[in-house]
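J.:
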Amino acid sequence: MAGYNLEGIEAAPLKDDVDIVIPTIRSLDFLEQWRPFLQHYHLIIVQDGDPSIKIKVPEGYDYELYNRNDINRILGPRANCISYKDGGCRCFGFMVSKKKYIYTIDDDCFVAKDPSGKEINVIAQHIKNLETPSTPHYFNTLYDPFREGTDFVRGYPFSLREGVQTAISHGLWLNIPDYDAPTQLVKPRERNTRYVDAVMTIPKGVLYPMCGMNLAFNRELVGPAMYFGLMGEGQPISRYDDMWAGWAAKVVCDHLGFGVKTGLPYLWHSKASNPFVNLKKEHKGLHWQEDMVPFFQNLRLSKESDTAAKCYMELSKMTKEKLTKVDPYFEKLADAMVTWIEAWEELNPPVKNEASEELNPPVKKTQSDGEDVKAKG
Amino acid sequence: MSSAEINKNEVDIVIGALNADLTQFLTSWRPFFSGFHLIVVKDPELKEELNIPEGFDVDVYSKTDMEKVVGASNATMFSGYSCRYFGYLISKKKYIVSIDDDCVPAKDPKGFLVDAVTQHVINLENPATPLFFNTLYDPYCEGADFVRGYPFSLRSGVPCAASCGLWLNLADLDAPTQALKTEQRNTSYVDAVMTVPAKAMLPISGINIAFNRELVGPALVPALRLAGEGKVRWETLEDVWCGMCLKHISDHLGYGVKTGLPYVWRNERGDAVESLRKKWEGMKLMEKSVPFFESLKLPETALKIEDCVIELAKAVKEQLGSDDPAFTQAADAMVKWIQLWNSVNSSV
Chain E
1 MAGYNLEGIE
11 AAPLKDDVDI
21 VIPTIRSLDF
31 LEQWRPFLQH
41 YHLIIVQDGD
51 PSIKIKVPEG
61 YDYELYNRND
71 INRILGPRAN
81 CISYKDGGCR
91 CFGFMVSKKK
101 YIYTIDDDCF
111 VAKDPSGKEI
121 NVIAQHIKNL
131 ETPSTPHYFN
141 TLYDPFREGT
151 DFVRGYPFSL
161 REGVQTAISH
171 GLWLNIPDYD
181 APTQLVKPRE
191 RNTRYVDAVM
201 TIPKGVLYPM
211 CGMNLAFNRE
221 LVGPAMYFGL
231 MGEGQPISRY
241 DDMWAGWAAK
251 VVCDHLGFGV
261 KTGLPYLWHS
271 KASNPFVNLK
281 KEHKGLHWQE
291 DMVPFFQNLR
301 LSKESDTAAK
311 CYMELSKMTK
321 EKLTKVDPYF
331 EKLADAMVTW
341 IEAWEELNPP
351 VKNEASEELN
361 PPVKKTQSDG
371 EDVKAKG
Chain A
378 MSSAEINKNE
388 VDIVIGALNA
398 DLTQFLTSWR
408 PFFSGFHLIV
418 VKDPELKEEL
428 NIPEGFDVDV
438 YSKTDMEKVV
448 GASNATMFSG
458 YSCRYFGYLI
468 SKKKYIVSID
478 DDCVPAKDPK
488 GFLVDAVTQH
498 VINLENPATP
508 LFFNTLYDPY
518 CEGADFVRGY
528 PFSLRSGVPC
538 AASCGLWLNL
548 ADLDAPTQAL
558 KTEQRNTSYV
568 DAVMTVPAKA
578 MLPISGINIA
588 FNRELVGPAL
598 VPALRLAGEG
608 KVRWETLEDV
618 WCGMCLKHIS
628 DHLGYGVKTG
638 LPYVWRNERG
648 DAVESLRKKW
658 EGMKLMEKSV
668 PFFESLKLPE
678 TALKIEDCVI
688 ELAKAVKEQL
698 GSDDPAFTQA
708 ADAMVKWIQL
718 WNSVNSSV
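Protein chains in written order, with the numbering used here: chain E, 1 to 377; chain A, 378 to 725.
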């Protein structure tokens, strides 16, 4: 039977391996419609904006909620790396999670139907995408070769047919497409009605615009690179949080040998944000992306950067070095990237590898070497 | 863009005839081939007379014609599936659309027959976007656009060199795969056209393909011939090699290659298990070709298609020649091909 067989995942939904991170300022009513698919899972709600507002979570969902006061309390002075009044604050949820996989979704996204009328189980499809290999080294013209009913085509090298681990699964949206403000202004009535029934790996060395509305990733592999930048209040730019994270995460994945997929699953994006507001928010980004993109396209990470965190630290240095001349904002961003990694490593101390400890007992760091890697109390 | 909007005078439909009876093939394509000029090239090793139904604007070429144009010794370049390249050589049109003679029009999910010719020409006429991946695929089609985060400086795209279509029913799988999954048929209609990013390699199939002859004609080289090459696609790699050359040269010159729609319906022919009995040398050649193309850099001075092919042939001979005589032969064939192309098209 052709298509993605999600029955296995639907029967055993891996709820111990997944956290669903949702940034919100208003309400979580949208979760009512998602019950059949998301109710098994633990939610991490990141409440942006006014912390005194009480966000009501629909009955039956298991969740933890963090508002700005919580973020400040948990991170202390490092809280300044988390955006305020911008969806980029969601990456705080990535940091406090302890799960293998993260799924993040916007609060104006609903369940879509496939062409047969069947409701789409986004989380099952994302898990399937993350648990099956990617093929970034050679493009398969029949798209995902691991899908039932398809395969590698003639001429696809056999040595590349095992694929690599998938780190990111980027889903799409029916109805309101993810357009920038100028495009929204020119095409206010355009709706995405085209259901493209495919998942594909984005080739190595190729960049793409990663949208945070319907996104899943392997936190263990690439979590530290999923920093959504400095956006929103007090910052000169907004609506580039997921773009920044996407470009950074892609170069990190390419360097570490992981794959990034895009395509299914679709969800239904219901709300078109105000294009005039969007234009104000993103207009610096429209110019800066002309520099940001070549920056990411041309950079090369060093061999020594063999984890996502190390890659990201190296990336922060390159950001400061190469992009500050575009705008001083990037110097602030580079510093925030370092803060993010420091905060990440404090909340997520490196897992002890018992085997390697026998051979190489860890040297206790002294004050002069820097801070002890164990988390503070 | 509808079929009324494309200029049929700019297109040649080139069909390589490996089967003598083209009645079913041409009859099924009649709604979409009518109004176009057809070039049918007969496999020089095919003994029977071709059977072509009435009502088509068609020129047929056979071994005799090949020998007249390129000489008897060079005519061997066009045997088997490579016969179609003779059609590419002598065509005078801007666009070529080429479909294997065991394919018929497919139906889309709504039940309508797919006009593969028009879709290919539309793909070729619209820009490609190889420098940045658009997550909504083709940004120029109705109902879609570039997404947020796509650099504006890259939104005008580049010329499209080739349009690689797909296949329902019998997909273009290799013999081991099809032999293992004898019952597998492709039923998945993926409603998208997309540009394959620059520097990404892919297997280009000759079963359902179109290209801009004016832009990249000489780069479609009939060069790699397997020792046991046969009359079913499972026993060839000529198009895969040709595609690797074409993609590399397109990337070098800043052109784009698209993949996706249109689909054709590919009929049953041959036996994958039978093909598997032959020594599968193609696998070895592919494994050697991939690292070669991955690391290859054509000189910046190679700005014309013909120069690119010559440089590529040089590199093949130098770096792959000692690995397998098939590569040396391919390199020689590529050089010969450019000579033929220049001499045949010198008056153009």
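In this text, a Cβ means the ideal position worked out from N, Cα and C, and glycines have one as well.
Would E:W244 pass as a contact of E:L333 if the rule is Cβ separation under 9 Å?
T.: For E:W244 and E:L333, yes; Cβs fall inside 9 Å.
J.: State the start and end residues of the unbroken beta strand (DSSP E) segment that holds A:A538.
T.: Element bounds for A:A538: 537-546.
J.: Would you please state the rounded distance, in angstroms, between the beta carbons of E:I105 and E:N214? I believe it to be under 8 Å.
T.: Going by Cβ atoms, the distance from E:I105 to E:N214 rounds to 6 Å, so yes, they are a contact pair.
J.: Evaluate E:E354 with the Cβ neighbour count: other Cβ atoms within 10 Å of its Cβ, from every protein chain shown; 16 or more gives buried, anything less gives exposed.
T.: At E:E354 the pLDDT is 49, less than 50, meaning the model places this residue with poor confidence and gives no usable figure here.
J.: My output table needs one value for A:C480: the three-state DSSP class, helix, strand or coil.
T.: A:C480: strand per DSSP, three-state reduction.
J.: Which whole-angstrom value describes the C-beta separation of E:D197 and A:V567, a residue pair presumed to lie in contact below a C-beta threshold of 8 Å?
T.: With 8 Å as the limit, E:D197 and A:V567 qualify as a contact, their Cβ atoms being about 5 Å apart.
J.: Runs of 4 residues minimum, wholly inside the region 626-676 of chain A: which ones carry the alpha helix (DSSP H) assignment?
T.: Counting whole runs of 4 or more residues, the region 626-676 of chain A contains the alpha helix (DSSP H) stretches 649-654, 658-672.
J.: Residues in the same chain with beta-carbon distance under 7 Å from E:E220, minus the five sequence neighbours each way, listed in chain order, please.
T.: K100, listed in sequence order.
J.: Could you check the C-alpha separation between A:L531 and A:P516 for me, to the nearest Å?
T.: One C-alpha to the other measures close to 12 Å.
J.: Check distances from the C-beta atoms of the region 563-592 of chain A to those of chain E and list, in chain order, the residues that come in under 9 Å.
T.: Result list: N563, T564, S565, Y566, V567, D568, A569, M571, V573, P574, A575, K576, A577, M578, L579, P580, I581, S582.
J.: Who pairs with E:C109 in a beta bridge, going by DSSP?
T.: Its beta-bridge partners are E:H269.
J.: Hey, out of A:K608, A:M660, A:I416, A:V418, whose CA is closest to A:P553's CA?
T.: The residue with the shortest Cα to Cα distance from A:P553 is A:M660.
J.: Check whether the Cβ of E:L286 lies closer than 9 Å to any Cβ atom in chain A.
T.: E:L286 counts as touching chain A.
J.: State the beta-bridge partners of A:D436 as determined by DSSP.
T.: According to DSSP, A:D436 bridges with A:I416.
J.: Please list, in chain order, the residues of the region 498-529 of chain A that have any C-beta partner in chain E closer than 8 Å.
T.: Within the region 498-529 of chain A, the residues whose Cβ lies closer than 8 Å to some Cβ of chain E are F509, F510, N511, T512, L513, Y514, G520, A521, D522, F523, V524, R525, G526, Y527, P528, F529, listed in chain order.
J.: Please go through the same chain and pick out, in chain order, the residues whose beta-carbon is closer than 8 Å to the beta-carbon of E:Y156, but skip the five residues on each side of it.
T.: Only Y138, N140, P145 meet the Cβ criterion.
J.: Could you pull the start and end residues of the beta strand (DSSP E) that E:L215 belongs to?
T.: Here the beta strand (DSSP E) through E:L215 covers 214-218.
J.: Could you name the residues of chain E that A:V598 contacts, counting a contact when the two beta carbons are closer than 7 Å?
T.: Under the 7 Å cutoff, chain E gives no residues; its nearest Cβ is about 15 Å from A:V598.
J.: Mind listing the chain E neighbours of A:C541? Cutoff is C-beta to C-beta under 9 Å, in chain order.
T.: Here the neighbours are T141.
J.: Would you kindly work out how many angstroms separate the C-alpha atoms of E:G259 and E:I20, rounded to a whole number?
T.: Cα to Cα, E:G259 sits roughly 21 Å from E:I20.
J.: How many Å lie between A:E645 and A:Y632 at the Cα?
T.: Straight-line Cα distance between these residues: approximately 34 Å.
J.: Can you find the residues in the same chain that come closer than 6 Å, C-beta to C-beta, to E:E304, ignoring five residues on each side of it along the sequence?
T.: Closer than 6 Å at the Cβ level, and outside the excluded window around E:E304, lies no residue.
J.: Measure the Cβ-Cβ separation of E:T410 and E:M200 and say whether it is below 9 Å.
T.: Only positions 1 to 377 of chain E appear in this structure, which leaves residue 410 of chain E out of reach.
J.: Output yes or no for whether 9 Å exceeds the beta carbon distance between A:A728 and A:S627.
T.: The requested residue 728 of chain A does not occur in the structure, where chain A is confined to residues 378 to 725.
J.: My assumption, with CB atoms under 8 Å, is that A:A493 sits in contact with A:N585. Please give the rounded CB distance.
T.: Contact flag correct, Cβ pair sits at about 7 Å.
J.: Is the shortest distance between the beta-carbon of A:N384 and the beta-carbons of chain E less than 9 Å?
T.: Not one chain E Cβ lies under 9 Å of A:N384.
J.: Relative to the alpha-carbon of E:F295, which residue among E:D50, E:I45, E:K284, E:K325 has its alpha-carbon at the smallest distance?
T.: Among E:D50, E:I45, E:K284, E:K325, the Cα nearest to that of E:F295 is on E:K325.
J.: What in chain A is Cβ-close to E:Y156, meaning under 7 Å?
T.: Per Cβ cutoff of 7 Å: P580.
J.: Residues in the same chain with beta-carbon distance under 8 Å from E:S27, minus the five sequence neighbours each way, listed in chain order, please.
T.: Correct list, in chain order: I55, K56, D107.
J.: Hey, which unbroken runs of the alpha helix (DSSP H) at 4 residues or more fall wholly within the region 150-192 of chain E?
T.: Counting only runs of 4 or more, we get 181-186.
J.: In three-state DSSP terms, what is E:Y227?
T.: E:Y227 falls in the coil class under three-state DSSP.
J.: What are the start and end residues of the beta strand (DSSP E) that includes A:P702?
T.: Here A:P702 belongs to no beta strand (DSSP E); instead the alpha helix (DSSP H) covers 702-721.
J.: What does a CB cutoff of less than 6 Å around E:E345 pick up in its chain, not counting 5 residues either side in sequence?
T.: Contacts found: none.
J.: Let me see if you follow: with CB-CB separation under 9 Å, is A:K608 close to chain E or not?
T.: No, its Cβ sits nowhere closer than 9 Å to a Cβ of chain E.
J.: Using the Cα positions of E:V222 and E:L6, report the straight-line distance between them to the nearest angstrom.
T.: Roughly 24 Å between the two C-alpha positions.
J.: Between which two residues does the alpha helix (DSSP H) containing E:L65 stretch?
T.: Note, E:L65: premise wrong, no alpha helix (DSSP H); beta strand (DSSP E) at 62-66.
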